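Q: My questions will all concern the structure given below.
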Amino acid sequence: MDEKKNYHFENFDVSFEPERRSRERHAVSKTTPKVETPKIEDNKNETVKIQLPKMPKIEPKKLVIAAVALLLVVFIVIGFVSCASASDKGNKKNNEDNAMSAQEMTLENAKISAAQYDYETAISQVKSLEKYATDAELQSLVSSWEQAILNLVEFPHEQITHIFFHSLVYEPELAFDPENGNQAAGYNLVMTTVDEFNKIIQSMYDKGYVMVSMHDICTFDEQGNRVDHKIMLPPDKKAFVLSQDDLNYYHVQDGDGIATKLVIDENGKVVNEYKKLDGSVTYGDFDVVPLIDRFVEKHPDFSYKGHKGILALTGYNGVLGYRTDSVYADINDPNLDPDQIEFLQNNPNFNYEQERAEAKKVADKMKEDGWEFASHTWGHMTVPSSDMDRVTSDTEKWKAYVESIVGKTDVLIFPNGSDLAGTENYDSSIERFNYLVSEGFHMYCPVDSTPYWQQKGDNYFRMSRRNLDGYRMYHNPERCEDLFNVSEVLDKKRPLPVPTMEEIYG
Ligand SMILES: [Zn+2]
Numbered sequence: 011m012d013e014k015k016n017y018h019f020e021n022f023d024v025s026f027e028p029e030r031r032s033r034e035r036h037a038v039s040k041t042t043p044k045v046e047t048p049k050i051e052d053n054k055n056e057t058v059k060i061q062l063p064k065m066p067k068i069e070p071k072k073l074v075i076a077a078v079a080l081l082l083v084v085f086i087v088i089g090f091v092s093c094a095s096a097s098d099k100g101n102k103k104n105n106e107d108n109a110m111s112a113q114e115m116t117l118e119n120a121k122i123s124a125a126q127y128d129y130e131t132a133i134s135q136v137k138s139l140e141k142y143a144t145d146a147e148l149q150s151l152v153s154s155w156e157q158a159i160l161n162l163v164e165f166p167h168e169q170i171t172h173i174f175f176h177s178l179v180y181e182p183e184l185a186f187d188p189e190n191g192n193q194a195a196g197y198n199l200v201m202t203t204v205d206e207f208n209k210i211i212q213s214m215y216d217k218g219y220v221m222v223s224m225h226d227i228c229t230f231d232e233q234g235n236r237v238d239h240k241i242m243l244p245p246d247k248k249a250f251v252l253s254q255d256d257l258n259y260y261h262v263q264d265g266d267g268i269a270t271k272l273v274i275d276e277n278g279k280v281v282n283e284y285k286k287l288d289g290s291v292t293y294g295d296f297d298v299v300p301l302i303d304r305f306v307e308k309h310p311d312f313s314y315k316g317h318k319g320i321l322a323l324t325g326y327n328g329v330l331g332y333r334t335d336s337v338y339a340d341i342n343d344p345n346l347d348p349d350q351i352e353f354l355q356n357n358p359n360f361n362y363e364q365e366r367a368e369a370k371k372v373a374d375k376m377k378e379d380g381w382e383f384a385s386h387t388w389g390h391m392t393v394p395s396s397d398m399d400r401v402t403s404d405t406e407k408w409k410a411y412v413e414s415i416v417g418k419t420d421v422l423i424f425p426n427g428s429d430l431a432g433t434e435n436y437d438s439s440i441e442r443f444n445y446l447v448s449e450g451f452h453m454y455c456p457v458d459s460t461p462y463w464q465q466k467g468d469n470y471f472r473m474s475r476r477n478l479d480g481y482r483m484y485h486n487p488e489r490c491e492d493l494f495n496v497s498e499v500l501d502k503k504r505p506l507p508v509p510t511m512e513e514i515y516g
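According to the numbering used here, the sequence shown holds residues 11 to 516 in order.
Here you go:
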C-alpha cells in the first residue's frame with residue numbers, strides 16, 4: 011500500500027521541551043481544588059437580547075459594531091422609558107432606525123456566512139429580513155447563493171492535509187542567538203518565524219486552501235461511534251487542518267523572542283502580550299491565533315464556516331501564558347520548579363483564582379472566534395512508553411487543570427511525535443488506547459511529513475500532521491511544494507544550515 015510506504019513516524023515536536031513527570035505528591039482527586047471559575051459576565055441585558063440579530067459568525071469587527079449598536083439600543087430604550095411624553099411618531103422613528111441597523115448587521119453576517127461556504131445559513135439569515143419579500147436586490151443575492159450551492163463538491167477527506175506549528179518566533183535575533191546554544195538550535199529546528207508563517211498562510215490562501223476543523227471530517231456520538239460529515243467546497247478549493255502545539259508560553263521561552271500570553275484587548279480581540287528584553291510590554295499579533303484571526307477578518311473565505319485551528323495544550327506551566335497549574339496556588343508547594351518559584355517571586359500580587367478566571371475568559375473568547383483545543387497531555391508525556399499509572403495520573407491532571415479552563419475535547423495531539431501503533435489499526439489490545447477512549451479521546455494526531463495520512467476506526471480517527479518548521483523547510487523543501495515555495499518563505503534571519511535532530515540531541 012502506498013500509504014504504508016509513505017508513512018513513517020518521525021520524532022518532531024518541541025523536543026527541547028522535556029517531559030514533565032506528573033508530580034505524585036498527592037492523588038489528583040485530593041489535590042484538585044474545586045476551582046469554580048467565575049462565570050463570564052454577560053453584559054447583555056434583556057433589551058439587548060431582544061434587539062440583537064442572531065450572529066452565528068462571530069467576527070471581532072462585527073462584535074464592535076454590535077457593541078455600538080447595543081449601546082444605541084439601550085440608550086433608545088432608556089430614552090423611551092424615561093421620556094413618556096415623547097410623541098408616538100418620534101418613538102417609531104427611533105425604533106425604525108434601530109431595526110435598520112439590526113437588519114444591516116444580519117445582512118453583513120449573512121455575507122460572511124456565504125463567503126465561508128455556509129450558504130444555507132446565509133440564505134435563511136437574508137430571508138429573515140423584513141424587507142426581503144419586497145427587495146429585489148436581496149432576492150437576487152439569495153438566488154446567487156442558491157446557485158453557488160449547486161456548484162459545491164464534496165472534498166475527499168483522505169486528501170485533507172494537516173499542518174502544525176509551535177509558538178512563532180517574533181524576534182529571530184533573540185530566538186536564534188548563538189549564545190543560547192542548544193536552545194537556539196532547537197528553535198531553529200522546530201520553530202517557524204512570524205514572517206515565515208505569514209508567507210506560508212498567504213501562499214496557501216492563494217492556492218485555494220480553506221481551513222476546516224477536524225470535526226468537519228467526523229464526530230463521535232454518545233456511544234463513541236464515528237459519524238462522518240461532508241465538507242462541501244467550490245471545486246477550486248482544498249481543505250486543510252491547522253494545529254498549534256504547546257500554546258502554553260513556557261517559562262523556558264522567556265526572553266527568547268516569543269510571545270508571552272494571549273489577552274483580550276480593549277476592542278474585544280484576542281491579541282498577544284509580548285515582553286521585551288527591557289521589561290516593557292507590548293500587545294499585538296505575534297503568534298498563530300491573532301495572526302489567523304486578522305487574516306480571516308480580511309479573507310473570510312479562508313475559513314470553512316468560521317472554523318479555525320486546533321490548539322494543543324499541556325498543563326504543567328499553565329495554559330495560554332496563564333499560570334493555572336495547581337502548584338502556582340502556593341509559593342511553598344514543594345513541587346514548584348525553580349522557574350515557577352522565580353515567577354511567583356517576581357509577581358508578588360499573583361492571584362491564582364483570578365489567573366484561572368482570566369485564562370478561562372480568553373479561552374472562551376477563542377472558542378467563540380472558531381478555535382478548538384486539544385490535549386497535548388499535562389506533562390508533555392510520551393504516551394506509548396509511559397506506564398499506565400502515569401498515563402492515568404497525567405490524564406487526570408489534564409482534566410483537572412486544563413479541561414477546567416478550555417473545556418472538554420476528544421482530540422489528543424501526541425507530544426514528542428509519538429503514537430500508539432504503527433500504520434496498523436488501533437484495536438482493543440492496546441491498553442492505552444482503551445483507557446484514552448474511555449476518557450473521551452477519539453481523535454489522535456501523530457507527526458509525519460507526508461501530505462496526508464489518515465485512518466478511520468469505528469471509535470477513533472487518526473490524522474498525521476506535517477511540521478512546517480526550520481527542519482522541514484530547510485531539509486525537505488520539496489515536501490512543502492504543494493503549500494508554498496520554501497525559497498520565498500525562509501526567513502533571512504534564520505541561521506543556516508538548520509541543524510538536524512542528531513546534531514542537537516545526539
Ligand atoms: Zn509539544
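C-beta atoms are modelled at their ideal positions from N, C-alpha and C, and glycine is treated no differently.
As the structure is a prediction and not an experimental result, all values here were calculated from the model.
Tell me the residue span of the beta strand (DSSP E) that contains residue 307.
A: It is not in any beta strand (DSSP E) - residue 307 instead sits in the alpha helix (DSSP H) that spans 298-308.
Q: In whole angstroms, what is the alpha-carbon distance linking residue 423 and residue 387?
A: 8 Å
Q: With distances taken between CB atoms, is the gap from residue 220 to residue 243 smaller than 9 Å?
A: Taking 9 Å as the Cβ cut-off, residue 220 and residue 243 qualify as a contacting pair.
Q: By Cβ distance below 6 Å, which residues in the same chain neighbour residue 96 in space, the five residues on each side in sequence not counted?
A: For residue 96, the pLDDT reaches just 36, beneath the cut-off of 50, and the residue's location in the model is therefore unreliable, although a value from the coordinates is still provided. Here the set comprises nothing.
Q: Please state whether DSSP places residue 171 in a helix, a strand or coil.
A: DSSP places residue 171 in strand when its eight states are reduced to three.
Q: Between the alpha carbons of residue 475 and residue 440, how many angstroms are there, rounded?
A: The alpha-carbon atoms of residue 475 and residue 440 are separated by roughly 22 Å.
Q: Given 8 Å as the limit, is there contact between the stretch 269-279 and the stretch 231-250, that is, 3 or more CB pairs closer than that?
A: no
Q: Looking only at C-alpha atoms, which of 171, 142, 154 sits nearest to residue 492?
A: 171
Q: So residue 194 and residue 187 are in contact, right, with Cβ under 8 Å, and what is the actual spacing, rounded?
A: 6 Å
Q: For the alpha helix (DSSP H) containing residue 351, list its first residue and its last residue.
A: 348-356
Q: Are there three or more Cβ pairs, one per stretch, closer than 8 Å when the stretch 306-320 is compared with the stretch 369-388?
A: Verdict: yes, contact present.
Q: Quick one: complete beta strand (DSSP E) runs, 3+ long, within the stretch 366-402?
A: The qualifying runs are 382-385.
Q: Give the C-beta separation of residue 420 and residue 230 to the nearest angstrom, bearing in mind that I take them to be a contact with Cβ-Cβ under 8 Å.
A: 6 Å
Q: What does the alpha-carbon distance come out to for the pair residue 59 and residue 117?
A: For residue 59, the predicted structure reports a pLDDT of 30, less than 50, and the residue's modelled location is therefore unreliable. A value from the coordinates is still provided. The alpha-carbon atoms of residue 59 and residue 117 are separated by roughly 18 Å.
Q: When you compare the CB positions of residue 268 and residue 297, do they come within less than 9 Å of one another, or not?
A: yes
Q: Pull the bridge partners of residue 210 from the DSSP assignment, please.
A: Residue pairing for residue 210: DSSP places it in no beta bridge.
Q: What is the DSSP secondary structure of residue 443, counted as helix, strand or coil?
A: helix
Q: Can you tell me whether DSSP reads residue 492 as helix, strand or coil?
A: coil
Q: Just reading off the beta strand (DSSP E) that residue 217 is part of, what are its end residues?
A: Here residue 217 belongs to no beta strand (DSSP E), and DSSP marks it neither H nor E.
Q: Compute the Euclidean distance between the alpha carbons of residue 357 and residue 341, then round it to the nearest angstrom.
A: 11 Å
Q: Bridge partners for residue 323 per DSSP, in chain order?
A: 385
Q: How many angstroms separate the CA atom of residue 328 from the CA atom of residue 151?
A: 47 Å
Q: Should residue 240 and residue 164 be called a contact, given that it needs their Cβ atoms to be closer than 9 Å?
A: A contact, by the Cβ cut-off of 9 Å.
Q: List the endpoints of the continuous alpha helix (DSSP H) containing residue 293.
A: Unbroken run through residue 293 is the beta strand (DSSP E), 291-294; no alpha helix (DSSP H).
Q: Give the secondary structure of residue 422 by DSSP, where H, G and I count as helix, E and B as strand, and everything else as coil.
A: strand
Q: Kindly confirm or deny that the stretch 403-417 and the stretch 297-309 touch, where touching means at least three C-beta pairs closer than 8 Å.
A: no
Q: Note down, in chain order, each residue of its chain lying with its Cβ closer than 8 Å to the Cβ of residue 449, except the 5 sequence neighbours on either side.
A: 405, 409
Q: Tell me the residue span of the alpha helix (DSSP H) that contains residue 473.
A: Here residue 473 belongs to no alpha helix (DSSP H); instead the beta strand (DSSP E) covers 471-473.
Q: Counting only runs of 3+ residues fully inside the stretch 239-271, write out the beta strand (DSSP E) ranges in chain order.
A: List check, beta strand (DSSP E) in window: 248-254.
Q: Out of 210, 113, 184, 307, which has the shortest C-alpha to C-alpha gap to residue 198?
A: Distance from the Cα of residue 198 is smallest, within the candidate group 210, 113, 184, 307, for 184.
Q: With H, G and I counted as helix, E and B as strand and the rest as coil, what does DSSP make of residue 332?
A: Residue 332 falls in the strand class under three-state DSSP.
Q: Who are the Cβ neighbours of residue 290 in its own chain at under 8 Å, not counting the five residues just before and after it?
A: none
Q: Within 10 angstroms of its Cβ, does residue 166 collect 16 or more other Cβ (buried), or is it exposed?
A: exposed
Q: Within its chain, find whatever has a CB closer than 8 Å to the CB of residue 125; leave out the 5 residues flanking it on each side and keep chain order.
A: 310, 311
Q: In the DSSP assignment, find the unbroken alpha helix (DSSP H) run with residue 511 in it and report its ends.
A: 511-515
Q: Does DSSP put residue 337 in a helix, a strand or coil?
A: Of the three classes helix, strand and coil, the one that applies to residue 337 here is helix, per DSSP.
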